[in-house]
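K.L.:
Let me begin by handing over the structure; questions about it come next.
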Amino acid sequence: MTTDYYYYEPERGHGLPHNPLNAIIGPRPIGWISSVNEQGVANLAPYSFFNCFNYQPPIIGFASSGWKNSVENITRTGYFAWNLVTRELASAMNETSASVAAGVDEFALAGLTPAASRKIPVPRVSESPVNFECKLTQCIQLTNAAEEKLNTWLVLGEVVAVHIAAHLLEDGVYQTAKAHPVMRAGGPSAYYGCSAAHKSRIFVKQLWITTCDPTLNVKA
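What follows is the structure, encoded as structure tokens:
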């Protein structure tokens, strides 16, 4: 059977009503990042391009299109916190996406409660059930294949402390769906949830791989 494909080259445009890239690579967790400026005023903003990049030590990161207040604060202080966006916090998260002047406290703007962190001088979102305290490791200005600099920065940080609401741990296992995380994909209003009803398990069979030497069988 032949499969038809829609083909395009990004530098020439996609020719569609909306760029499909962030709908294809999704859903993604939201980078709800808190930081402070040098005067100690808190900033809180959501970032669509966010993920985990290393397991041990844990390193997370987000990409900022433009040199935003978050990037300015983090590069000056060296710290930031990530806060899980849940279904209950979706409206508040959306409030913090507003473009406001530097020095405006988005915690107050969205009616959220700042909670003191243990290892960094940056507040966490008290209402969020999961928070990561992070120390900046790298801030990289992205380039294209022609080595031209883009107006996009990748901020990476090592997670130095983790806060998890106790009710999300069952027998020591974190229950992803129970937290009701909100994820990002597609257009400006496209958000996705996570439900235990849609959980599926994939069982990988143990196979025996025979090498050229029949006496050397390795279990994979």
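Numbering follows this note's numbering, with no gaps: position 145 of the sequence shown is 501.
A virtual CB, placed ideally from N, CA and C, is assigned to each residue, including glycine.
1. Return the residue from the list S453, Q494 and A454 that minimises the CA-CA distance to I416.
2. Mind pulling the alpha helix (DSSP H) runs of 4 or more residues that sit fully within the region 431-515?
3. For the beta strand (DSSP E) containing N399, name the first residue and the last one.
4. Let me know if V529 comes out buried or exposed under the rule of 16 or more other beta-carbons within 10 Å of its beta-carbon.
5. With a 10 Å radius around its C-beta and 16 neighbouring C-beta atoms as the bar for buried, classify W388 as buried or exposed.
6. Closest by CA to R474, which one among C490, P485 and L468?
7. My understanding is that V538 touches S420, with C-beta atoms under 8 Å, so please give their C-beta distance in whole angstroms.
8. Quick check on this structure: which residue in P366, T359 and D360 has the alpha carbon closest to the alpha carbon of A501?
9. Touch check for the region 448-464 and the region 405-415: three-plus C-beta pairs under 8 Å?
10. Would you report the Cα separation of N506 and T499, rounded to the nearest angstrom?
11. Going by the DSSP bridge assignment, what does C408 pair with across the sheet?
12. Looking at the unbroken alpha helix (DSSP H) that takes in I380, where does it start and where does it end?
13. Enumerate in chain order the residues of its own chain whose CB-to-CB distance from V486 is below 8 Å, with the five nearest sequence positions on each side excluded.
14. So which of I380, N429, Y363 and T469 has the shortest CA-CA distance to Q395?
P.N.:
This is what the structure gives:
1. As a working note, residue 416 is residue 60 in the sequence shown. The candidate whose alpha carbon is nearest that of I416 is Q494.
2. 446-451 and 462-465
3. By one-based count along the sequence shown, residue 399 stands at place 43. It spans A398 to Y403 - the beta strand (DSSP E) in which N399 sits, taken as one unbroken run.
4. Locating residue 529 in the sequence shown gives position 173, where the first residue counts as 1. With fewer than 16 Cβ atoms within 10 Å of its Cβ, V529 is classed as exposed.
5. Indexing the sequence shown from 1 puts residue 388 at position 32. Buried, because 16 or more other Cβ atoms sit within 10 Å of the Cβ of W388.
6. Here residue 474 corresponds to residue number 118 of the sequence shown, with the count starting at 1. That would be C490, whose Cα lies nearest to the Cα of R474.
7. If you number the sequence shown from 1, residue 538 lands on position 182. If you number the sequence shown from 1, residue 420 lands on position 64. Actually they are not in contact, since the Cβ atoms of V538 and S420 sit about 20 Å apart, beyond 8 Å.
8. The sequence position of residue 501 within the sequence shown is 145, counting from 1. Answer by Cα proximity: P366.
9. no
10. For the purposes of this step, residue 506 is taken as residue 150 along the sequence shown, with counting starting at 1. For the purposes of this step, residue 499 is taken as residue 143 along the sequence shown, with counting starting at 1. First, the residue type needs correcting, since residue 506 is Leu and not Asn in the sequence shown. Straight-line Cα distance between these residues: approximately 5 Å.
11. By one-based count along the sequence shown, residue 408 stands at place 52. Paired residues: I416.
12. Position 24 of the sequence shown, counted from the first residue, corresponds to residue 380. L377 to I380 is the extent of the alpha helix (DSSP H) around I380.
13. Here residue 486 corresponds to residue number 130 of the sequence shown, with the count starting at 1. Correct list, in chain order: N439, L440, V518, H519, I520, A521, L524 and A535.
14. For the purposes of this step, residue 395 is taken as residue 39 along the sequence shown, with counting starting at 1. Taking only the C-alpha atoms, the option nearest Q395 is N429.
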